[in-house]
Amino acid sequence: MPATAAMTLDLRGLNVALPVARTAVAMARLESGALIEVLTSDPDSVPDLPVWARATGNRQVEQTQGAGWYRFVLQKR
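Heads up: take any position in the sequence shown, counting from 1, add 6, and you land on this note's numbering.
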């Protein structure tokens, strides 16, 4: 059974560092072990969010993409 995200962030339309910055703010409000689903349309988020997650001790659980969108599931450390 798939895990349920505690929060979904729809950041489609935001570019550059905003998806990472908004994810960091939202992640700070979650309890340890909680999952967050992040939706973006910025291709730069594909390398940026996983690198940020590793650098901050969080874990990328899942990553999918489609035509012009990217979905990440991250787990708070």
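Glycine residues also receive a C-beta, built at the ideal position from the N, C-alpha and C atoms.
Handout entry: Among Gly19, Val22, Pro49 and Thr29, the one whose alpha carbon lies nearest that of aspartate 79
Key = Your numbering for residue 79 matches position 73 in the sequence shown. The question names aspartate, yet the displayed sequence has valine at residue 79. The shortest C-alpha separation from valine 79 is found at Thr29.
For serine 38, which residues of its own chain have a beta-carbon under 8 angstroms away from its beta-carbon, when the five flanking residues on both sides are left out? Indexing the sequence shown from 1 puts residue 38 at position 32. If we look at serine 38 and ignore the five residues flanking it on each side, its Cβ neighbours are Lys82 and Arg83.
Q.
In whole angstroms, give me the CA-to-CA distance for arginine 35 and threonine 46.
A. For the purposes of this step, residue 35 is taken as the residue at position 29 of the sequence shown. For the purposes of this step, residue 46 is taken as the residue at position 40 of the sequence shown. Straight-line Cα distance between these residues: approximately 20 angstroms.
Who are glycine 72's beta bridge partners in DSSP? Translated into positions along the sequence shown, residue 72 becomes position 66. BP columns for glycine 72 point to Trp75.
| said: If I follow the unbroken beta strand (DSSP E) through aspartate 16, where does it start and stop? | reply: In the sequence shown, the residue the question calls residue 16 occupies position 10. Start and end: 13 to 16.
For methionine 7, count the other beta carbons within 10 Å of its own beta carbon; 16 or more makes it buried, fewer makes it exposed. Which is it? As a position in the sequence shown, residue 7 is number 1, starting the count at 1. Any answer about methionine 7 is weak, because its pLDDT of 48 lies below 50 and its placement is not dependable; what the coordinates show is given next. Classification for methionine 7: exposed.
**Request:** List the DSSP bridge partners of valine 44.
**Result:** Reading the sequence shown from its first residue, position 38 is the one you call residue 44. Answer by DSSP bridge pairing, in chain order: Leu15 and Phe78.
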